[in-house]
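Residue numbers (this note's numbering), protein chains in the order written: chain A, 7 to 207; chain B, 7 to 207.
Using N, Cα and C, we set each Cβ at its ideal position, and we do this for glycine too.
What follows is a single structure, written as structure tokens, with notes after it.
Dropping the structure here:
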């Protein structure tokens, strides 16, 4: 039985969002499942000395243009959010709690709803009220998710996940690991497919 | 008559080298010519606060792997040089002098020879003797190129070229500008081709 694809992403990463619209389909084609693993780029960037794309001089402007072109070429609905980037630990914690309380499938449904809310409807997903409302929209009790995402055990879980991700070499979003082979970026889906098809690259 | 493709690169950039093996063919397919324009990433990185890939923690290791995978997938001969990255102003100045003295076609022939020497034969192209020897290998007088690349006018020309490139938004290698549309990276050749085919993206 082939191993799962570990799919690391930050909820404020446009390329992570683009990847989220394609990864399940790609995995299914090659008989793989996907572990959706939210991480916090803010923590990761501190370790690598990197900065969020929009804040890098010159490169930031180009990146905004590249995101829009990439969305158009792949026919992915995308509207650049007014607040970008933003903190995502609330959404990430909510996702981890939903996975524990309602299972992986529901957590993935939630993740897709969060990405959509942020990158197509411009909703500020750093606000806890937005996060609980998105959860409610897929049938999860808003009070329960609010309590769960603020629990110490979920906070510890996310912290441990981010640390483990960094220990595995994750430094950006999206970042995929398949059978130990790392792939960074939505623009490496072509190389990922070669690897999935041939077992090597 | 369609405009030329401005192709910016640093001689120590593996992705710039990969691009150099494909760009003329792609341009020809769409009736375009290519302006080969050497730049100095060291100067550019100072302006943007960026660092050479191999020096970035975690990301550096991944990048080495990505370069090798990319070369294999595109069947481009590539051997990671022992000294990497390295200063390239000598090679860039020599190229500018060759263009002035022998024309653009000869300068491109020289650029391809420099890339090959560095990325397939592991030659340290930061050494002036290596640069003049590569020039001699394509029939250019070694003494003349050595004198030319050290002239004040050529040094000024390269400095002005790098400044103009930065003013146009160039922040990495390879970087292509076509009819005002910027493309960064060998992995944007697919988007570049869409633009060349349709006139928009």
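Of all C-beta pairs linking the region 136-146 of chain B to the region 159-166 of chain B, fewer than three are shorter than 8 angstroms, placing the two stretches out of contact. At a cut-off of 7 angstroms, the C-beta of residue 82(B) has no neighbouring C-beta in chain A. When 7 angstroms is used as the limit between beta carbons, residue 134(B) is near no residue of chain A, the shortest such separation being about 31 angstroms. Close CB contacts of residue 175(A) within its chain, under the 7 angstroms cut and outside five residues either way in sequence, are with 188 (chain order). Following the DSSP letters along the chain, one finds residue 184(B) inside the beta strand (DSSP E) bounded by residues 181-184. Exclusion of the five residues before and after residue 92(A) leaves 18 and 132 as the residues of its chain whose Cβ lies within less than 6 angstroms of its Cβ. Around the beta carbon of residue 95(A), 16 or more other beta carbons lie within 10 angstroms, which makes this residue buried.
In summary, residue 55(A) is exposed, with fewer than 16 beta-carbon neighbours lying within 10 Å of its beta-carbon over all protein chains present. Boundaries of the alpha helix (DSSP H) around residue 195(B): 195-204. Taking CB atoms only, residue 36(A) has no neighbour in chain B less than 7 angstroms away. Counting C-beta atoms within 10 angstroms of its own C-beta, residue 117(B) has 16 or more neighbours from the protein chains shown and is therefore classed as buried. For residue 188(B), the C-beta contacts it makes with chain A under 8 angstroms involve 68 and 71, in order along the chain. Taking C-beta atoms as the reference points, residue 140(A) and residue 120(A) count as a pair closer than 7 angstroms. A distance below 6 angstroms between beta-carbons, with the five flanking residues on each side excluded, links residue 58(A) to the following residues of its chain, in chain order: 91. Taking the Cα positions, residue 207(B) is about 21 angstroms away from residue 178(B).
Contact check for residue 101(B) against residue 110(B) fails: the beta carbons are separated by 7 angstroms or more. Residue 50(A) and residue 53(B) have their alpha carbons spaced roughly 23 angstroms apart. For residue 207(B), at least one C-beta of chain A is nearer than 7 angstroms to its own C-beta.
Approximately 10 angstroms separates the beta-carbon atoms of residue 135(A) and residue 129(A); this is outside 8 angstroms, ruling out the contact. Judged by beta-carbon spacing, residue 46(A) lies within the 7 angstroms limit of residue 168(A), meaning their Cβ atoms are closer than that value. Partner residues in the beta bridge of residue 14(B), as assigned by DSSP, are 43(B) and 181(B). DSSP places residue 121(B) in no beta strand (DSSP E) but in the uninterrupted alpha helix (DSSP H) bounded by 110-125.
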